[in-house]
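Participant: So for the sequence shown, the working numbering puts the first residue at 21; every next one is plus one.
Glycine is no exception: its CB is placed at the ideal position from the N, C-alpha and C atoms.
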Amino acid sequence: MSIALAERGSAIPQAPSPAAPGRRRRGARLVPQWFLLPALALYAIVVLYPSVAGGWYAFTDWKGGAEANWIGLDNFRELMADQAAVASLRNTLTIAVTLTVAQSGLGLLLALALNSAIRARNLLRTLFFAPMMMPPVIVGLLWQYIYTPDGPLDTAMGALGMDGLIQSWLGNSQLALWAIIASVIWHHVGMSMVIFLAGLQGIPDELYESAALDGASTLQRFWFVTRPLLGQATTIATALTMTSSLKLFDQVFVMTGGGPGVSTQTLSLIMYREAFVYGEYGYGSAIALVLTMIVAFIVFLQMSVTRRGETEA
21 MSIALAERGS AIPQAPSPAA PGRRRRGARL VPQWFLLPAL ALYAIVVLYP
71 SVAGGWYAFT DWKGGAEANW IGLDNFRELM ADQAAVASLR NTLTIAVTLT
121 VAQSGLGLLL ALALNSAIRA RNLLRTLFFA PMMMPPVIVG LLWQYIYTPD
171 GPLDTAMGAL GMDGLIQSWL GNSQLALWAI IASVIWHHVG MSMVIFLAGL
221 QGIPDELYES AALDGASTLQ RFWFVTRPLL GQATTIATAL TMTSSLKLFD
271 QVFVMTGGGP GVSTQTLSLI MYREAFVYGE YGYGSAIALV LTMIVAFIVF
321 LQMSVTRRGE TEA
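As structure tokens, this is what we get:
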């Protein structure tokens, strides 16, 4: 009898054991990653695949059709032998260096001036930042109108008795590039100003007070207190300016179209023309790859120098 009861009791179903705590924790950690999948898929389709495909097409003679023959480095040899492309590279580097120095320097001066307790500083900050809200094409059209003969600039110079200095600003091959650079500085200097303002407001006032008690002048306080502590802001401002100026297209396309001659032509502009006007997609991809490598190298070099300076400081 006892044996039968024991057998009957052993047939009673047991409650399922709870999942192992380690398994539950792993499942909880995987949940955020599942939510990232749509964004990663979109990034792969919109950014990653076109980038990889563009890099591959740079070594082909693809003209937009189904056929793309591998030609190795022929596109890059053609690029180095093209005098217009060499001039475009020179113009691109001139724009990048000039804008990085001038825009960052002017942005720092504006930030220093507007970080002090002056009247209407919030209004002035808004006015200097406002051009950043305008699309580049609109900025190009605006400055093209300013530079037109008998336009606002010529009229103002005539009213000030400076008629002898009036030029064909966009028609002179010696001045057109600098006229475009001036319009870009006006458009983007507000961004540099805001970055430096954020850096200045993160510096404790106690450091300036201690330096003043030690007898440091205004210039010494800037050099020994402000300048080192603005290292991160300087890196961000110059890196953003450098990358955007190396890819400059809109203002050049709208204001001069690359002329007169090739005096304002940039790598971005010839890349656009070769690919989308002449249908030389392989050659255009080669230009894009060269431009990408230049941007990556300059930004890497800039970051390395800045990081080394911060380490030594």
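Mind checking which residues open and close the alpha helix (DSSP H) that includes Gly160?
Facilitator: Position 140 of the sequence shown, counting from 1, holds the residue named residue 160. Per DSSP, Gly160 belongs to the alpha helix (DSSP H) from 156-167.
Participant: Measuring only the C-alpha atoms, how far is Trp82 from Val274?
Facilitator: Within the sequence shown, the letter at position 62 stands for residue 82. Within the sequence shown, the letter at position 254 stands for residue 274. Distance between the alpha carbons of Trp82 and Val274 is about 28 Å.
Participant: Taking the C-alpha atoms as reference points, what is the distance between Met270 and Val325?
Facilitator: Reading the sequence shown from its first residue, position 250 is the one you call residue 270. Reading the sequence shown from its first residue, position 305 is the one you call residue 325. In the sequence as presented, Met is not what sits at residue 270; that position holds Asp. Whole-angstrom Cα-Cα distance: 30 Å.
Participant: Over what stretch of residues does the alpha helix (DSSP H) that includes Tyr69 continue unbroken?
Facilitator: For the purposes of this step, residue 69 is identified with residue 49 of the sequence shown, where counting begins at 1. From DSSP, the alpha helix (DSSP H) with Tyr69 extends over 69-77.
Participant: How many angstroms separate the CA atom of Thr168 from the CA atom of Val272?
Facilitator: Taking the first residue of the sequence shown as position 1, residue 168 is located at position 148. Taking the first residue of the sequence shown as position 1, residue 272 is located at position 252. Distance between the alpha carbons of Thr168 and Val272: 15 Å.
Participant: If you drop the 5 nearest sequence neighbours on each side, which residues of the same chain put their C-beta closer than 6 Å to that of Ile215?
Facilitator: Translated into positions along the sequence shown, residue 215 becomes position 195. These residues qualify, in order along the chain: Ala253, Ile256, Ala257.
Participant: Using only the alpha-carbon positions, how far apart do Ser230 and Ser237 sit?
Facilitator: Taking the sequence shown and counting its residues from 1, one reaches residue 230 at position 210. Taking the sequence shown and counting its residues from 1, one reaches residue 237 at position 217. Distance between the alpha carbons of Ser230 and Ser237: 12 Å.
Participant: Mapping DSSP to helix, strand and coil, what is Ser22?
Facilitator: For the purposes of this step, residue 22 is taken as the residue at position 2 of the sequence shown. Note that Ser22 scores a pLDDT of 48, beneath 50, so its modelled location is shaky; the value from the coordinates is reported in the next line. The answer is helix: DSSP assigns Ser22 an H, G or I state.
Participant: Could you compute how far the alpha carbon of Gly191 sits from the alpha carbon of Trp198?
Facilitator: Along the sequence shown, read from residue 1 onward, the residue named residue 191 stands at position 171. Along the sequence shown, read from residue 1 onward, the residue named residue 198 stands at position 178. Taking the straight line joining both Cα atoms gives about 12 Å.
Participant: I think Met213 touches Leu130, with their Cβ atoms under 8 Å apart; what is that distance to the nearest whole Å?
Facilitator: Against the sequence shown, residue 213 aligns to sequence position 193. Against the sequence shown, residue 130 aligns to sequence position 110. That pair is a contact at about 4 Å.
Participant: By the three-class DSSP mapping on this structure, what secondary structure does Trp90 have?
Facilitator: Within the sequence shown, the letter at position 70 stands for residue 90. Looking at Trp90 - three-state DSSP - the assignment turns out to be strand.
Participant: Out of Val245, Leu109, Ile65, Val297, which has the shortest C-alpha to C-alpha gap to Val315?
Facilitator: For the purposes of this step, residue 315 is taken as residue 295 along the sequence shown, with counting starting at 1. Each of Val245, Leu109, Ile65, Val297 was checked against the Cα of Val315, and the nearest Cα belongs to Leu109.
Participant: Considering only residues of the same chain and omitting the five flanking positions on each side of Leu227, which have a CB-CB separation below 7 Å?
Facilitator: Locating residue 227 in the sequence shown gives position 207, counting from the first residue. Here the set comprises Val245.
Participant: Could you name each continuous alpha helix (DSSP H) segment of 4 residues or more that falls completely within the stretch 76-143, going from the start of the chain to the end?
Facilitator: Within the stretch 76-143, the complete alpha helix (DSSP H) runs of at least 4 residues are 94-101, 103-134.
Participant: With distances taken from CA atoms, which of Phe320, Gly251, Tyr301, Gln221 is nearest Ala137?
Facilitator: Here the question's residue 137 lines up with position 117 in the sequence shown. The shortest Cα separation from Ala137 among Phe320, Gly251, Tyr301, Gln221 belongs to Gln221.
Participant: I think Ala88 touches Gly304, with their Cβ atoms under 8 Å apart; what is that distance to the nearest whole Å?
Facilitator: Numbered from its first residue, the sequence shown carries residue 88 at position 68. Numbered from its first residue, the sequence shown carries residue 304 at position 284. Incorrect: roughly 13 Å between the Cβ atoms, too far for contact.
Participant: Just to confirm, are Leu119 and Ile223 a CB contact at a threshold of 8 Å?
Facilitator: Counted from its first residue, the sequence shown places residue 119 at position 99. Counted from its first residue, the sequence shown places residue 223 at position 203. No, Cβ-Cβ distance for Leu119 and Ile223 is not below 8 Å.
Participant: Return yes when the Cβ of Asn95 is within less than 8 Å of the Cβ of Ala308, no when it is not.
Facilitator: Here residue 308 refers to the residue found at position 288 when the sequence shown is read from its first residue. Here residue 95 refers to the residue found at position 75 when the sequence shown is read from its first residue. No.
Participant: Are the stretch 148-167 and the stretch 66-75 touching by the rule of at least three beta carbon pairs closer than 8 Å?
Facilitator: no
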